[in-house]
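Below you'll find the structure, written out as structure tokens, and then a few comments.
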Amino acid sequence: MSKKWYVGMAAGGALFWGINGILSNILFERINVSPDWLTTARLFISGIVLLIYSLLRRQNIFKIWRSPKNAGILLSFSLIGIYFAQSNFVRTLYYGNAAVATVLQYMAPALIVIFLAIFRQTWPRRQEVIAVVLSLVGIVLLVRMVI
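Just add 316 to the spot in the sequence shown (first one is 1) and you have the numbering used here.
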């Protein structure tokens, strides 16, 4: 695939991410949808779409369940990594706004760097420390502007 394809995919992802926040706010304000329902509906629909895509490509979607270790990793990532991240994003949309939710969502890499430094005692590189510090400063400035 060409470089233009990847740039287009990144731009499309950003576009749909922005549309997602706006439409979620509309659902919360006009239709009175709960954050739990919206999170469940989003994950359910995306799961169905991915399953259909995998079946159309004739991929063996049940292969991962043969290994208990892989199944455990998949379930852990599904619940902790995906559900909680999506649930927190949707709750931030519900109680706050799309801008704050997006900023907090994009803080995840910084939190991973901090997590690895604390629990694995793997010290981050200088660029990672600079990125974490700058992102935290940006969050503080953003919050100060909103308050």
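For glycine and all other residues, C-beta sits at the position ideal for the given N, C-alpha and C.
Around the beta carbon of residue 392, fewer than 16 other beta carbons lie within 10 angstroms, which makes this residue exposed.
Around residue 458, the same chain offers 419 as residues with beta carbons nearer than 7 angstroms, after the five sequence neighbours per side are excluded. Distances from the CA of residue 359 to each of 386, 401, 334 were compared; the closest alpha carbon is that of 401.
Taken through DSSP and simplified to helix, strand or coil, residue 348 comes out as coil.
In the displayed model, residue 384 falls within a helix according to three-state DSSP. Beta-carbon to beta-carbon, residue 337 and residue 417 are separated by about 6 angstroms, close enough to satisfy the 8 angstroms threshold. By the neighbour-count criterion, in which a residue is buried when 16 or more other Cβ atoms sit within 10 angstroms of its Cβ, residue 410 is buried. Only residues of its own chain outside the window of five on either side were considered, and among them 429 have a CB closer than 8 angstroms to the CB of residue 444, listed in chain order. For residue 335, the enclosing alpha helix (DSSP H) covers residues 319 to 342. Pairing residue 452 with residue 433 gives a Cβ-Cβ distance that is not under 8 angstroms. Under the DSSP assignment, residue 441 falls outside any alpha helix (DSSP H); it carries neither an H nor an E label. Cβ-Cβ distances below 7 angstroms link residue 455 to 419, 423 in the same chain, with the five nearest sequence neighbours on each side left out; the list follows chain order.
Residue 394 has its alpha-carbon roughly 19 angstroms from the corresponding atom of residue 368. For the alpha helix (DSSP H) assignment, the uninterrupted runs of no fewer than 4 residues enclosed by the region 391 to 452 are, from N- to C-terminal side, 400 to 411, 414 to 421, 424 to 435.
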